[in-house]
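Position 369, counted from 1, in the sequence shown is what the working numbering calls 369; the numbers after and before it change by one each time, with no gaps. Using N, Cα and C, we set each Cβ at its ideal position, and we do this for glycine too. What follows is a short report on a single structure.
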Amino acid sequence: MTSQPTSTPHSEPPSTHRRVSWQWMVGIFLLSLAVFAAFSGDRLKGPSPDNHFVYLAHTYNQMIAATFSDEAAAAREGLVAFELDREPHHRNDWASYREIELRSGEVVKGNWAGRAQHGEFKLLSGEVMEIPRAEMRGAEQTRRYFVSFPPGPGFLMMPLVAVWGWETNDVLFTIVFAALNVLLMFLLLERLSATGVTERSRSDNLWLTALFGFGTVHLWCAVLGQVWFTALVVGITFTLGYIYFGLYARRPFLAGVCLALGFATRTPLVFSAIFFFLMVAFPGGRLVVPAQYKEQFKKLVLFCIPCLVVGLSLLFMNYLRFESFTEFGHRYLAEGRIGRIVEYGLFHWHFLGKNLSAAFTLMPELQTSYPYVVVSRHGMSLLLTTPAFAYLLWPRERRDAGERFLHRALWATVAAIAIPGFLYQNTGYEQFGYRFSLDFTAYLIVLLAVGRRPLTRLFKACVVAGFAVNAFGAITFKRMAEFYSNRFFV
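Printed below as a string of structure tokens:
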């Protein structure tokens with residue numbers, strides 16, 4: 001019997017050169033793509049109704065074209081930086097504010113506190129001014145629209161939008177990334193096996209990959225398109241790259257690139273930086289010693305460079321749009337009139353109980369007549385959408401300090417991402433399952449892999465059950481309204 005590779009204090013465990021052939025990679029990708037396409041069905045015929053990233057990509061393309069073409073520059077005349085060059089076709093989740101030239105000649109930017117076109121007006125600075133009715137006589141108002149969601153998917157769509165314009169299919173775009181996620185998860189798990197971190201067989205890794213791709217909320221989120229779900233799916237792509245390159249800090253610059261693209265797609269992913277910092281501070285699971293300071297500091301610098309470049313760019317974009325480096329636009333959804341945001345802000349303890357319930361305890365309502373089961377649009381418990389996650393509570397005993405450290409580092413990263421989400425002003429509504437869990441689902445799958453608990457028949461049954469539940473969501477969500485309710489079941 002050959003001994004398993006062991007970790008060293010300075011690097012990742014040595015590889016056993018377990019390779020994945022291109023046939024396996026192509027097969028996994030195409031099979032996954034076929035599954036997602038089948039569940040998408042008629043949605044693949046055209047863009048989703050919430051194609052915010054198509055609008056954003058079109059705006060970016062036009063801004064670039066305006067620097068080279070007088071015609072494009074004329075088309076954007078009168079628009080501020082990153083303002084959409086086309087008014088949205090509906091009013092759901094677009095950031096906007098009004099720019100008003102008052103009768104006195106003063107120009108103010110912000111939104112009305114109420115419905116009346118006079119009275120309290122909240123400026124972009126946060127100050128509230130009183131605008132009398134007389135000042136509004138003959139005043140010129142311009143309403144400016146923006147996409148408040150992080151721009152990552154919009155950047156990726158730019159070449160597609162340059163070719164297909166407003167008809168760019170964001171549903172197809174999303175399922176391609178979802179299929180890529182399944183492949184990347186398999187490659188990550190195989191890497192963990194090859195380095196002896198998990199000791200998982202290829203069969204085990206296939207089961208865990210299937211759990212991730214089709215037994216979690218990833219399945220139903222992948223088949224919709226729509227701005228919210230596209231961002232979650234693309235965010236996972238960069239998360240998987242970040243874990244792959246960031247594990248044991250082996251490729252710091254590429255890990256930084258993936259994290260930067262990740263938080264440019266999903267803001268909560270910025271908190272996953274703790275994973276790399278822990279890898280640098282505890283090489284091989286032991287606290288860094290003076291002899292390692294130079295090497296570890298170099299890794300930290302390489303990691304931070306792309307994060308700083310992208311992070312500062314995002315802050316500057318915020319300032320150009322909303323005159324604030326930290327305002328990305330969610331306060332301006334629905335013209336800034338969402339009551340809970342006005343009263344409590346985007347994050348507050350007030351939201352904790354409802355979010356925890358949506359994530360862990362919220363259950364469907366069972367009925368004795370059709371439709372028999374009704375799901376709250378606030379979602380349902382993760383233990384119902386993915387029963388296999390219960391195995392996270394019973395990992396096998398850690399073998400050494402390095403293994404204990406990796407296990408704790410993964411859980412610390414899950415907590416760093418999840419806790420701000422539990423304080424957020426939105427449960428994820430509307431959703432089939434707790435969709436915000438996708439920001440940390442990749443780490444949970446890796447925890448299952450390193451937990452070394454055998455994948456028994458019961459575990460595999462849980463995987464199949466998770467697929468059945470999420471398949472129901474993929475088929476019915478936003479298709480069959482009778483299965484859903486706005487009530488928050490308790």
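Beta-carbon proximity check, residue i vs residue j, cutoff 9 Å
| i | j | result |
| --- | --- | --- |
| LEU189 | LEU208 | yes |
| SER193 | ARG18 | yes |
| TYR242 | CYS221 | no |
| PRO252 | LEU302 | yes |
| LEU183 | MET25 | yes |
| PHE245 | ALA416 | no |
| VAL223 | ARG43 | yes |
| PHE322 | PHE316 | no |
| TRP22 | LEU333 | no |
| ASN51 | GLY225 | yes |
| LEU269 | THR237 | no |
| PRO47 | ASP170 | yes |
Secondary structure of residue i, DSSP reduced to three states
| i | result |
| --- | --- |
| PRO5 | The predicted model places PRO5 with a pLDDT of 43, which falls under 50 and marks its position as unreliable, so this point remains unresolved. |
| VAL233 | helix |
| ASN486 | coil |
| ARG286 | coil |
| HIS10 | The predicted model places HIS10 with a pLDDT of 43, which falls under 50 and marks its position as unreliable; any figure quoted below should be read in that light. The answer is coil: DSSP assigns HIS10 none of H, G, I, E or B. |
| GLU135 | helix |
| GLU343 | helix |
Residue range of the alpha helix (DSSP H) that includes residue i
| i | result |
| --- | --- |
| TYR424 | Element bounds for TYR424: n/a, residue is neither H nor E. |
| GLU71 | 70-75 |
| ARG457 | 457-476 |
| GLN23 | 22-40 |
| ARG143 | Run containing ARG143: none in the alpha helix (DSSP H); it sits in the beta strand (DSSP E), 140-146. |
| MET279 | 273-281 |
| TRP112 | Not the alpha helix (DSSP H): TRP112 falls in the beta strand (DSSP E), residues 107-112. |
| GLU190 | 170-194 |
| VAL374 | No alpha helix (DSSP H) holds VAL374; the beta strand (DSSP E) holding it covers 373-376. |
Candidates the options: closest to residue i by CA position
| i | options | result |
| --- | --- | --- |
| VAL469 | GLY215, ALA72, GLY126 | GLY215 |
| GLY213 | VAL463, ILE475, PHE488 | VAL463 |
| LEU219 | ARG453, ALA34, TRP411 | ALA34 |
| ALA57 | LEU211, MET380, GLU295, LEU156 | LEU156 |
| GLY473 | GLU327, GLY433, PHE121 | GLY433 |
| GLY421 | HIS348, PRO290, PHE297, ARG337 | HIS348 |
| GLN425 | GLY345, ALA418, PHE483 | GLY345 |
| THR401 | ARG286, PRO306, LEU392, SER357 | As written in the sequence, residue 401 is Ala, which differs from the Thr given in the question. ALA401 has its Cα closest to that of ARG286, out of ARG286, PRO306, LEU392, SER357. |
| GLY336 | ASP70, ALA65, GLU120, LEU31 | GLU120 |
Endpoints, beta strand (DSSP E) assigned at residue i
| i | result |
| --- | --- |
| ARG337 | Looking at the DSSP string, ARG337 is not in any beta strand (DSSP E), and its letter there is neither H nor E. |
| GLU99 | 95-101 |
Residue i burial status per 10 Å Cβ neighbour count (16 or more: buried)
| i | result |
| --- | --- |
| ASN355 | buried |
| ARG487 | exposed |
| GLY114 | exposed |
| LYS294 | exposed |
| PHE297 | exposed |
| PHE263 | buried |
| PHE68 | exposed |
| GLN431 | buried |
| HIS350 | exposed |
| MET1 | In this prediction, MET1 scores a pLDDT of 39, lower than 50, which makes its location untrustworthy; the coordinate-derived value is nonetheless stated afterwards. Exposed: under 16 other Cβ atoms inside 10 Å. |
| ARG435 | buried |
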